[in-house]
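Visitor:
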Amino acid sequence: MIETKWLRQFYAVALTGSITQAAEQLHLAQPAVTITIKKLEQQLGVGLFERRQGRMTLTTEGARLFQHAERIIHALTLAEQDMAALQDLSAGEVCIGIPSMLGSFYFPPLLMAFKHRYPGLSIRVEEAGTQELLGRLCQGQLGLGIVLTSSLPSGLTGLPLLREEMVAVVHRDHPARLQPHIPLHEFLQQELAVFRHGFFHREYIEQAAQQAGISPRIGFESNLIPLLKAVVRQGFAITSFLRMVIEDDPDLFAVSFAEPYFMDLCLAWPSERRLSRAEQAFIEFIREDKRAQDGKNQLN
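Letter 211 of the sequence shown, counting from 1, is numbered 211 in UniProt numbering, and no numbers are missing.
1) Would you kindly report the start and end of the unbroken beta strand (DSSP E) that includes L178?
2) By how many angstroms is the C-alpha of S122 removed from the C-alpha of A79?
3) Cα-Cα, which of L133, G92, L192 and V33 is closest to K229?
4) Start and end of the alpha helix (DSSP H) containing Y11?
5) Considering only their Cβ atoms, is the gap separating L265 from V169 smaller than 9 Å?
6) In this structure, does DSSP put P250 in helix, strand or coil?
7) Quick one: is G120 buried, meaning 16 or more other Cβ sit within 10 Å of its Cβ, or exposed?
8) Whose CA, out of E165, R172, R202 and S215, lies closest to the CA of Q189?
9) Which full runs of the beta strand (DSSP E) of 3+ residues lie inside the segment 100-136, going along the chain?
10) Compare the C-alpha of F220 against each of S240, A278 and H185 and name the closest.
11) Residue range of the beta strand (DSSP E) that E50 falls in?
12) Beta carbon of E164, beta carbon of F262: below 9 Å?
13) Taking only the alpha-carbon atoms, compute the straight-line gap between I198 and P99 and give it to the nearest angstrom.
14) Can you list, in chain order, the residues of its chain whose CB lies under 8 Å from that of L26, leaving out five sequence neighbours each side?
15) Quick check: what's the CA-CA separation for L48 versus D289?
16) Does H174 get closer than 9 Å to chain D when you measure Cβ to Cβ?
17) Where does the unbroken beta strand (DSSP E) through I238 begin, and where does it stop?
18) Tell me the DSSP secondary structure of R287 in three-state form.
19) My understanding is that A268 touches V147, with C-beta atoms under 8 Å, so please give their C-beta distance in whole angstroms.
20) Beta strand (DSSP E) containing F220: first to last residue?
21) Rounded to whole angstroms, what is the Cα-Cα separation between G140 and F236?
22) To the nearest angstrom, how far is it from the Cα of R64 to the Cα of F195?
23) Would you decide whether H201 is buried or exposed? Buried here means 16 or more other CB atoms lie within 10 Å of its CB.
24) Name the DSSP bridge partner or partners of A168?
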C-alpha cells in the first residue's frame, strides 16, 4: 500500500524537479526524501525519475503515477479544508478558480469585501482557463470555479454570476474605432492578439472562425492581459475582451460585433461534494451581491 506521505513527497519532487527544493518545501531533510523516492520505486517495481541536466524528470511510469497523485492530493486537501471549517468561520480557506479577465477586472472588490466580512478566512485564487477549471471541478480537484454557463454539465451546480459582452478591441487610429460595429469576418482577417488555448477568449475566436470558414491570423499569443493590451495599443494587432476589461483604458476602444455576443458565466461547484462552511459562506456572499446588483439595475 502506498503511504500518503510518500505520495506528497513524490508529488513535490515532480513539481519542483529537485529533491532539495521538495525537501525545503515540505520541511524535511533531503536524505529523507531521497529514501522515500527509493522506497516508492522499490515497492512499485518501476523507475519514477530520471536525472537530466541536474533536474529530476518523470519517467513514463512516473508521469502515470503523477496523475493519480495529483487527484489524490487535491482530494485530501479539499477534505482537510472541509474539516478545518466545520467548527466555525474564524478559520479555514476558500479556494476558487478564476479566469484571468475576471480575476483582474471583476473579482478583486468582491474578494476584498468577502475578506472584510470574514477576516479569519484565507482566500486562495487559482488562475486558469474556463475549460481547465471545468475539468478540475468535474474531477473533484477544485471546490469552486468560474465557468461558462453553457458548458455546465449535470454533475455541477451553478450560480449565475455575470453576463458580459465580448467586443473587438482596437487602438486609437484603427478605422473600426469610429464604426458602430465590426463584421466578424473583418475582425478575423486582421492580425490578432489572443490568449492561449483553454481560455474562453481564445475558444470564442476559434469557434467564430470555424463557423465563418476563416483561418484566423494569430500574431501574438499570451495569457498576460497587460501584454495583449500593449500589443493592441501600439497598433500591432487587435483583440477581443470582455467589455469591462478596457472601460478604464483611454487608449483602447471597444467595438461591438455586427452580431453582438454576450458571455454568461457562473460560479460552479460539484453537486455531490459536501461544501465546507467557508465555501457555503462564499456562495451565499456571491448570491447576496448578485441580488443587490440586480436590484440596482432594476432601479436604473
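Beta carbons: idealized from backbone N, C-alpha and C, even for Gly.
Guide: Taking the coordinates as given:
1) Working through the sequence shown from its first residue, we reach residue 178 at position 178. Counting along the chain, L178 falls outside any beta strand (DSSP E), and DSSP gives it neither H nor E.
2) Counting from 1 along the sequence shown, the entry for residue 79 is found at position 79. Counting from 1 along the sequence shown, the entry for residue 122 is found at position 122. The alpha-carbon atoms of A79 and S122 are separated by roughly 16 Å.
3) Your numbering for residue 229 matches position 229 in the sequence shown. Looking at the Cα atoms, L192 is the closest of the given residues.
4) As a working mapping, residue 11 is identified with position 11 in the sequence shown. Unbroken alpha helix (DSSP H) run through Y11: T4 to T16.
5) Within the sequence shown, numbered from 1, the residue matching residue 169 stands at position 169. Within the sequence shown, numbered from 1, the residue matching residue 265 stands at position 265. Contact flag unset, no.
6) Position 250 of the sequence shown, counted from the start, is the residue given in the question as residue 250. DSSP places P250 outside both helix and strand once states are collapsed to three, so it counts as coil.
7) Position 120 of the sequence shown, counting from 1, holds the residue named residue 120. Counting every other CB atom within 10 Å of its CB across the protein chains shown gives G120 a total below 16, marking it as exposed.
8) Translated into positions along the sequence shown, residue 189 becomes position 189. Minimum Cα distance to Q189 is reached at S215.
9) Within the segment 100-136, complete beta strand (DSSP E) segments of at least 3 residues are found at 122-127, given in chain order.
10) Translated into the one-based positions of the sequence shown, residue 220 becomes position 220. Distances from the alpha-carbon of F220 to those of S240, A278 and H185 put S240 closest.
11) For this step, residue 50 is matched to residue 50 along the sequence shown. F49 to R52 is the span of the beta strand (DSSP E), which, as asked, contains E50.
12) Translated into positions along the sequence shown, residue 164 becomes position 164. Translated into positions along the sequence shown, residue 262 becomes position 262. For the pair E164 and F262, the CB atoms are nearer than the 9 Å cut-off.
13) Taking the first residue of the sequence shown as position 1, residue 198 is located at position 198. Taking the first residue of the sequence shown as position 1, residue 99 is located at position 99. Here the sequence assigns Gly to residue 198, which means Ile is not the residue at that position. For G198 and P99, the gap between their C-alpha atoms comes out near 10 Å.
14) As a first step, residue 26 is located in the sequence shown; it is residue number 26 there, counting from the start. Around L26: R8, Q9, A12 and V33.
15) For the purposes of this step, residue 48 is identified with residue 48 of the sequence shown, where counting begins at 1. For the purposes of this step, residue 289 is identified with residue 289 of the sequence shown, where counting begins at 1. Roughly 48 Å between the two C-alpha positions.
16) No chain D appears in the structure shown, which is made up of a single protein chain.
17) In the sequence shown, the residue the question calls residue 238 occupies position 238. Where I238 is concerned, there is no enclosing beta strand (DSSP E), given that its DSSP letter is neither H nor E.
18) Along the sequence shown, one-based indexing puts residue 287 at 287. Looking at R287 - three-state DSSP - the assignment turns out to be helix.
19) As a working note, residue 268 is residue 268 in the sequence shown. As a working note, residue 147 is residue 147 in the sequence shown. Between A268 and V147, the beta carbon gap of about 5 Å places them in contact (Cβ cut-off 8 Å).
20) Counting from 1 along the sequence shown, the entry for residue 220 is found at position 220. Unbroken beta strand (DSSP E) run through F220: R217 to E221.
21) Here residue 140 refers to the residue found at position 140 when the sequence shown is read from its first residue. Here residue 236 refers to the residue found at position 236 when the sequence shown is read from its first residue. Roughly 41 Å separates the two Cα atoms.
22) Within the sequence shown, the letter at position 64 stands for residue 64. Within the sequence shown, the letter at position 195 stands for residue 195. For R64 and F195, the gap between their C-alpha atoms comes out near 29 Å.
23) If you number the sequence shown from 1, residue 201 lands on position 201. Buried, by the Cβ-count rule.
24) Along the sequence shown, one-based indexing puts residue 168 at 168. According to DSSP, which records beta bridges pairwise, A168 is partnered with S240 and V255.
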